[in-house]
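See below for the structure under consideration.
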Amino acid sequence: EPRGVAATGGEHEDARPLHLSSCCECLGLESSTIESVRSASMEDLVELPSGSEDERLDGPGTEARGGTRARGHGSSNKPPNVLVYTGQDGPDADRSPCGRFGLVCAALLSVLRPDHYTVYRLEEAPARAHPWPEHTRLLVLASPRPLPEETSERFLAYAARGGAVLALCSRASCGGVGVRRGGDLHITVAPTDGVIVGVGGDGAEVTAALEDAGCLEVWARLAGSGGEAVIVYQAYGEEGGAVVLCQVSVDLTGSLAGVEGVLAADGQARCEVFTEILGHLGLNCGPGDAPTLTPAILWALEPVRLPLGSALEPRLSESGVLASRRVSLRFVRSLADGAGATPTLLPVVTEAAPDLLTPHFDLEAYRGMLRTRLLGRLVLHCEVVGSTMELLDGVTPHLPDDVGLIAIATRQIRGKGRGGNAWLSPVGCAMFTLPLVVRSDSCLGQHLPFLQHLVALAVVEGVRSAPGYEDIDLRVKWPNDIYYGSEFKVGGVLVNSTLIGDTFQVLIGCGVNVSNDRPTWCVNAAVAEWNGARRAGDAPLAPMSTAGSIASTVTQLERLVDSFQAGGPAAVLPLYYQRWLHSGTQVRLHSDTGPEATVLGLDDFGFLRVLSQDGTTLTLQPDGNSFDMTRNLIVCK
214 EPRGVAATGG EHEDARPLHL SSCCECLGLE SSTIESVRSA SMEDLVELPS GSEDERLDGP
274 GTEARGGTRA RGHGSSNKPP NVLVYTGQDG PDADRSPCGR FGLVCAALLS VLRPDHYTVY
334 RLEEAPARAH PWPEHTRLLV LASPRPLPEE TSERFLAYAA RGGAVLALCS RASCGGVGVR
394 RGGDLHITVA PTDGVIVGVG GDGAEVTAAL EDAGCLEVWA RLAGSGGEAV IVYQAYGEEG
454 GAVVLCQVSV DLTGSLAGVE GVLAADGQAR CEVFTEILGH LGLNCGPGDA PTLTPAILWA
514 LEPVRLPLGS ALEPRLSESG VLASRRVSLR FVRSLADGAG ATPTLLPVVT EAAPDLLTPH
574 FDLEAYRGML RTRLLGRLVL HCEVVGSTME LLDGVTPHLP DDVGLIAIAT RQIRGKGRGG
634 NAWLSPVGCA MFTLPLVVRS DSCLGQHLPF LQHLVALAVV EGVRSAPGYE DIDLRVKWPN
694 DIYYGSEFKV GGVLVNSTLI GDTFQVLIGC GVNVSNDRPT WCVNAAVAEW NGARRAGDAP
754 LAPMSTAGSI ASTVTQLERL VDSFQAGGPA AVLPLYYQRW LHSGTQVRLH SDTGPEATVL
814 GLDDFGFLRV LSQDGTTLTL QPDGNSFDMT RNLIVCK
């Protein structure tokens, strides 16, 4: 058996280079067999250099296979982001479905558990400068070119501070490890305990088996005279970091490899390999139901359908369709009158029993908790929808002022947050979009950026104003997030506005984790924590429902908007400061080496005021900046 692998030019004369190549730049393999190595000794593994950054980077915290936490990986409060670095290729080509990022993204999403992770492309400039490490569960390196030195150092620093890295189909170079150009690797299915790996076009076959026993470091290597490693796990740094170096092309599709027949047959084996690798890195893999889009139901707390119908009827087609650039709505009396939902056409049932279409949403609980005179009194509810924000695009400009429409979903498959971020939307997340009309000459119209702060505050007050729930430590993080304490994000707010004449047409989007403790944390987990620590004699608190949470939030929002319209910022800021996280916080601006400043509060437009060390007061607008809680850093969004 070969002695192991070492960096090119290392001190072991019989050591062989470790290859981190893409499918088109793999080893020139001979007709030989890959042996699985159960427990390679540490001295035989590549010694990768330690990082030098000082910041703490907690590693992935999702449970791995079998419900056990992956080795050395940290807490579960880290946002569930998976970043894919594909190098310095053109972003337009790379983002296409058949581009490098598109293929790797599709492979990841095919095995990761649904509603647990979001996958983004990490481009070259942000890779070097932005504070992405604090918000990343896994970094996937899929660049066919060697990494720039500065970028490589940043990636290694991330791993050294507890991060997880998968060098997949990549020419990443670490610690002098070399890459040699050779034949293609692809997986094929065969009756064996391992996975058959076909080599190039010469028909040679080699076998790789992933084992789960002992101190597994080299998972698969070539036997014979070369002894090159194919899949290697490396515990990295002293804070639980992990690196998997994989040259088996587990992320290919037929469109890239040009071997559609072979790849169609080997899909299951490919997924098994990928699942094993991601599972060892602490990610939650497994099958999940693919949600099917469903029709919506329109119902009201009082007879407001008539003014809505009168406003929309002139704009409906002969078949009852209200056209929109994203999702058109087709109004039907019952399900029998319309076809199923599609990504661009949603049937809206106007006369049906609510419980037929809303099995996961308690309409009576919503009715019982709503205490508004206008907002949220006409409900458009959908079990599964692309995005609630998309539903109301074509409706909002035509809404009468006396119709308080709200769109609510049980699940979203294209949920969006601020800056184009994806918003995971599993069952148990309270998700809604609320239109609001604001006159430009009103107090709120003159201070419109304040609205997102009012919505975030309404979410917090919707919980903490309930009797017994005053000590549930929900907080506002500037500018638009809801946190439990200072660590766990449980919700977010998105506000879009359009000025038409003298009126702002506003769409408020909000998502709050109420009863889903994955992917991060939820309100009911906080309630359960309070119940576990309550004093003797205190009655336990009941879990909150998504319907009740939305109704309470909308109730509080109407109250806060009324207060602001009557009294301006001074009417809401004392409560806002009581609930936010930042008073007197010492921060750095723009980067770890940026100027220090002290948070003072908000100005009259909702912008953040900070005092620099030289005594200058600076104002930061919420549209372009975000608060990085892990490092007390205010950065460009």
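Here the numbering used here is used: the first residue of the sequence shown is 214, the next is one more, and so on. Glycine included, C-beta positions come from ideal geometry on N, C-alpha and C.
Beta-carbon proximity of residue i to residue j, cut-off 8 Å
i	j	result
R326	C498	yes
R543	L559	yes
L794	Y697	no
T557	V767	no
V672	G641	no
P835	N693	yes
F701	W743	no
H666	Y790	no
V812	V719	no
A513	A760	no
V445	V353	no
V486	A380	no
Q769	S699	no
I626	G599	yes
L511	H611	no
T601	M644	yes
Which listed residue (the options) has its alpha carbon closest to that of residue i
i	options	result
S329	P639, F663, G750	In the sequence under discussion, the amino acid at residue 329 is His, which differs from the Ser named in the question. With distances taken between Cα atoms, H329 lies closest to P639.
A722	V676, Q625, A552, L647	Before going on, a small fix: residue 722 reads as Gly here, not Ala. When each option's Cα is compared against that of G722, the closest is L647.
I621	D654, L591, D615, H611	L591
G797	P344, S655, S825	S825
G745	Q834, V708, I685	I685
T505	T488, T623, L588	T623
Y682	V736, G724, S655, V706	V736
V800	P346, G617, A810	A810
R688	V785, F717, R792	R792
S523	P613, D575, S600	P613
D817	P808, G781, T829	G781
H192	D730, G453, G376	Not covered by the structure: residue 192. The range shown for the chain is 214 to 850.
D615	D575, G814, L588	L588
G819	S762, L661, E674	L661
R313	P357, F717, E363	P357
L739	P756, G807, L712, A752	According to the sequence shown, residue 739 is Ala rather than Leu. Closest option to A739, Cα to Cα, is P756.
V706	P808, F663, P346, L802	F663
A373	G454, A669, L548	G454
F574	D827, A509, E366, L316	A509
Nearest-angstrom Cα separation, counted from residue j out to residue i
i	j	result
V378	G300	15 Å
D715	G658	10 Å
T275	A355	Residue confidence is low: T275 scores 30 on pLDDT, short of 50, so the model does not pin down where it sits. Its coordinate-derived value is still stated next. Roughly 23 Å between the two C-alpha positions.
R282	G495	Reliability of the predicted coordinates at R282 is poor, the pLDDT of 28 falling under 50, and no value is obtained from them.
P319	V297	Note that residue 319 is Ala in the sequence shown, not Pro. Using only the alpha carbons, I get a separation of about 11 Å.
T571	S532	25 Å
R393	P361	Note that R393 scores 36 on pLDDT, short of 50, meaning its location in the model is unreliable and no value can be drawn from it.
T331	G750	43 Å
R350	R546	46 Å
T420	E489	For T420, the pLDDT reaches just 39, beneath the cut-off of 50, and the residue's location in the model is therefore unreliable, leaving the point undetermined.
S653	N709	15 Å
E596	G724	15 Å
L831	C656	24 Å
R341	A370	11 Å
G492	E336	25 Å
V676	S728	13 Å
L833	V823	8 Å
A507	S758	Strictly speaking, residue 507 in this sequence is Thr, with Ala absent from that position. Cα to Cα, T507 sits roughly 21 Å from S758.
D730	L593	26 Å
H343	E452	22 Å
I713	I763	28 Å
F368	A779	52 Å
P680	F777	24 Å
Unbroken beta strand (DSSP E) run spanning residue i, endpoints
i	result
Q791	First-last for Q791: 786 to 792, but that is the alpha helix (DSSP H), not the beta strand (DSSP E).
F544	541 to 545
E515	Premise fails: E515 is in no beta strand (DSSP E) and is neither H nor E.
G454	454 to 459
F820	First-last for F820: undefined, no H or E at that position.
Minimum Cβ-Cβ distance from residue i to chain C less than 8 Å
i	result
G761	In summary, chain C is missing from the structure at hand, where a single protein chain is found.
Where the alpha helix (DSSP H) containing residue i begins and where it ends
i	result
H666	663 to 677
G315	313 to 324
P339	337 to 342
Y901	Nothing can be reported for residue 901: it is not among the residues displayed for the chain, which extend from 214 to 850.
L576	576 to 582
L588	Counting along the chain, L588 falls outside any alpha helix (DSSP H), and DSSP gives it neither H nor E.
| message | Within 8 Å, do at least three Cβ pairs link the segment 599 to 618 to the segment 522 to 541? | response | yes
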